[in-house]
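Peer 1: My questions will all concern the structure given below.
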Amino acid sequence: MGPPWCTGQPRRSSSSAACGPRSMWRNAAPRPWPGGCGRSGPCAAGQPWLRRPHLPVSLPRLLIVYPWTQRFFSDFGNLSSPTAIVGNPKVRAHGKKVLTSFGEAIKNLDNLKGTYSKLSELHCDKLHVDPENFRLLGDILVIVLAAHFTKDFTPACQATWQKLVGLVAHALARKYH
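Residue numbering for the sequence shown follows this note's numbering, starting at 201 and increasing by one per position.
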């Protein structure tokens, strides 16, 4: 039996619901295991699909792959190398905030502009973040999801996620227009 993404039923690659944002995010969103992921947890039980992906690496990956984005995080301390970026507690904390915010988008797919209204205003008026960075971070998120879900991340699934991260980036950039 395949991994129980949505309903506990075997996964079908052609099913659009199985790779839909809500169902996939439930399986991808970083959260602690109730009993940890030690020797007796699902990771040790030979069920690698139950491991949580490393979505928190999305923000550090953005800062490493696109180093010019680091200028918006000058108060985060040492960002001098990939090791420093990945190990930076402020980067990790902000990465968690970003993922929590993205989770809110998935919960409010019908009102992305409203969901991101205040964040758009903050990033535009106070932080002066280049709105292109929202698209770049979305692309990084898709790459990390693809690396985690491997063969289950079909081209149709990728298309769904690319559309979603594009809509989120557009909602975040709304106050710039």
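Think of the CB as a built atom: it goes at the ideal place given N, C-alpha and C, for glycine as much as any other residue.
Please name the residue in Gln270, Arg335, Ala371 whose C-alpha comes closest to that of Tyr322.
Peer 2: With the sequence shown as reference, residue 322 is identified as Leu, and Tyr is not the correct amino acid for it. For the residues Gln270, Arg335, Ala371, the minimum Cα distance to Leu322 belongs to Ala371.
Peer 1: For Gly314, count the other beta carbons within 10 Å of its own beta carbon; 16 or more makes it buried, fewer makes it exposed. Which is it?
Peer 2: exposed
Peer 1: For Met224, which of Asn288, Thr350, Arg374, Lys375 has the nearest alpha-carbon?
Peer 2: Measuring from the Cα of Met224, the nearest candidate turns out to be Thr350.
Peer 1: Is the CB-CB distance between Gly220 and Thr354 below 8 Å?
Peer 2: Thr354 is positioned such that its CB atom lies no closer than 8 Å to that of Gly220.
Peer 1: Please classify Arg222: is it buried, with 16 or more other beta-carbons within 10 angstroms of its beta-carbon, or exposed?
Peer 2: Within a 10 Å sphere around the beta-carbon of Arg222 sit fewer than 16 other beta-carbons, which makes this residue exposed.
Peer 1: For Asp275, count neighbouring C-beta atoms within 10 Å of its own C-beta (all shown protein chains included) and say buried if the count is 16 or more, exposed if not.
Peer 2: exposed
Peer 1: What first and last residue would you give for the alpha helix (DSSP H) that runs through Thr300?
Peer 2: Per DSSP, Thr300 belongs to the alpha helix (DSSP H) from 289 to 307.
Peer 1: Report the residue ranges of all beta strand (DSSP E) runs contained in full by the segment 334 to 363; include only those spanning at least 3 residues, in chain order.
Peer 2: none
Peer 1: Quick check: the segment 303 to 311 against the segment 284 to 295, are there 3 or more CB pairs under 8 Å?
Peer 2: no
Peer 1: Under 8 Å by Cβ, that's how I've got Val365 and Asp339 pegged, so tell me the actual separation to the nearest angstrom.
Peer 2: 7 Å
Peer 1: Spatial neighbours of Gly277 within its chain, please: C-beta separation below 7 Å, excluding the five flanking residues on both sides.
Peer 2: Asn288, Lys290
Peer 1: Give the range of the alpha helix (DSSP H) segment to which Leu327 is assigned.
Peer 2: Premise fails: Leu327 is in no alpha helix (DSSP H) and is neither H nor E.
Peer 1: So what's Ser280 in DSSP terms, helix, strand or just coil?
Peer 2: DSSP places Ser280 in coil when its eight states are reduced to three.
Peer 1: Could you check the C-alpha separation between Ala373 and Leu337 for me, to the nearest Å?
Peer 2: When only Cα atoms are considered, Ala373 and Leu337 end up about 13 Å apart.
Peer 1: Using the beta-carbon count (16 or more within 10 Å), is Val342 buried or exposed?
Peer 2: buried
Peer 1: By alpha-carbon positions, which one of Glu332, Lys318, Asn333 ends up nearest to Leu326?
Peer 2: Looking at the sequence shown, residue 326 is not Leu but Lys. Selected option, being the one with the closest Cα: Lys318.
Peer 1: Whose C-alpha, out of Phe273, Ala284, Thr283, is nearest the C-alpha of His294?
Peer 2: Phe273
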